[in-house]
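The next block holds one structure in the form of structure tokens; read it before the comments.
Numbering (our numbering), first residue to last: 4 to 289.
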């Protein structure tokens, strides 16, 4: 699933192309795309008609369009969801699920989702710790790119959990935005094994890990995110290329960029963890 850098790339495109525009009409072409909006397609399209998009917002891996009526369109990109900005008259994509037309001239917004694991839903905006968030994600923590992010508080939150450090890093209620790819990259840069117990993590190690996560996601953002196939694209349909810079994730059997030891893959939560056996030794007793 897309992580913070990929979602931020999409947010920037939406901010440039749809912020400030009035919605004229919404078409739901596949009901599954709005299954999280429990009141159904007619309610979804009716409430959006005439609303103005004030801004495209993001927290961690969560993306939404802030509306003029105090609501938001929360977009779950899932495994294959795309928010595309297309000129009117452009042929429909094979897996087009929702179309948003705007008043006046300009391109339309399309939600395309091949696997239909993603979707759109309306949510009320609520105030949480000085920020306005869709009510359904009010529990999500700030991410390292948030101006109000507190690295020391994030380290305390990680160390407070009795679990493996990677599991804590993936917990979006502690630090948001980090998924499997950037967790492995951050741990590699910090020389920490993914199974290290969080209660054995020192403040210095925690600070180094949070700093590494911040750096790697900023670098990925500059590269347009990480795209392993044509499903991860920006609003213009272009792929990112940070996958060329990955040091750990997906590098099984390739030499570590620091020491030359082949990168190892371990099963992890129905996924995989990639690490260097020499630079990131497994904690004793595990």
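All residues carry an ideal CB built from backbone N, CA and C; glycine is no exception.
From the options, pick the residue whose C-alpha is nearest to that of residue i; which is it?
i: residue 263; options: 251, 273 and 187; result: 251
i: residue 154; options: 49, 212, 128 and 203; result: 212
i: residue 90; options: 105, 129 and 215; result: 105
i: residue 190; options: 63, 249 and 114; result: 249
i: residue 258; options: 277, 269 and 271; result: 277
i: residue 173; options: 110, 166, 182 and 167; result: 182
i: residue 177; options: 96, 199, 205 and 141; result: 141
i: residue 15; options: 225, 254 and 260; result: 225
i: residue 218; options: 103, 261 and 192; result: 192
i: residue 239; options: 48, 160, 96 and 128; result: 96
i: residue 151; options: 133, 214 and 206; result: 133
i: residue 111; options: 81, 175 and 27; result: 27
i: residue 103; options: 167, 148, 56 and 66; result: 56
i: residue 13; options: 41, 80 and 156; result: 80
Can you tell me which of the three DSSP states residue i falls into?
i: residue 218; result: helix
i: residue 251; result: coil
i: residue 202; result: helix
i: residue 22; result: coil
i: residue 13; result: helix
i: residue 8; result: helix
i: residue 112; result: strand
i: residue 188; result: helix
i: residue 275; result: strand
i: residue 211; result: helix
i: residue 177; result: coil
i: residue 281; result: coil
i: residue 231; result: Per-residue confidence for residue 231 stands at a pLDDT of 47, beneath the threshold of 50, marking its modelled position as unreliable; the derived number appears in the next sentence. Correct three-state label for residue 231: coil.
i: residue 35; result: helix
i: residue 80; result: coil
i: residue 223; result: helix
i: residue 269; result: strand
Are the beta-carbon atoms of residue i and residue j separated by less than 8 Å?
i: residue 184; j: residue 6; result: yes
i: residue 210; j: residue 158; result: yes
i: residue 69; j: residue 60; result: yes
i: residue 38; j: residue 122; result: yes
i: residue 179; j: residue 274; result: no
i: residue 18; j: residue 58; result: yes
i: residue 77; j: residue 139; result: yes
i: residue 101; j: residue 25; result: no
i: residue 85; j: residue 115; result: yes
i: residue 265; j: residue 253; result: no
i: residue 194; j: residue 283; result: yes
i: residue 167; j: residue 198; result: yes
i: residue 32; j: residue 99; result: yes
i: residue 161; j: residue 201; result: yes
What's the call for residue i, buried or exposed, on a 16-neighbour Cβ count within 10 Å?
i: residue 231; result: Note that residue 231 has pLDDT 47, beneath the 50 cutoff, so the model's placement of it is unreliable and no number is given.
i: residue 136; result: buried
i: residue 43; result: exposed
i: residue 169; result: buried
i: residue 64; result: buried
i: residue 8; result: buried
i: residue 71; result: exposed
i: residue 272; result: exposed
i: residue 286; result: exposed
i: residue 113; result: buried
i: residue 11; result: buried
i: residue 187; result: buried
i: residue 216; result: buried
i: residue 92; result: exposed
i: residue 163; result: exposed
i: residue 228; result: buried
i: residue 207; result: exposed
i: residue 145; result: buried
i: residue 147; result: buried
i: residue 52; result: exposed
Problem set entry | Completely contained beta strand (DSSP E) runs for the region 37–78, where each covers 3 or more residues | 56–62 and 65–70
For this session: Return the chain-ordered ranges of every alpha helix (DSSP H) run that is complete within the region 121–174 and spans a minimum of 4 residues.
Result: 154–163 and 168–173
Exercise. Residue ranges of each beta strand (DSSP E) run of no fewer than 3 residues wholly in the region 86–112, ordered along the chain?
Worked result: 99–105
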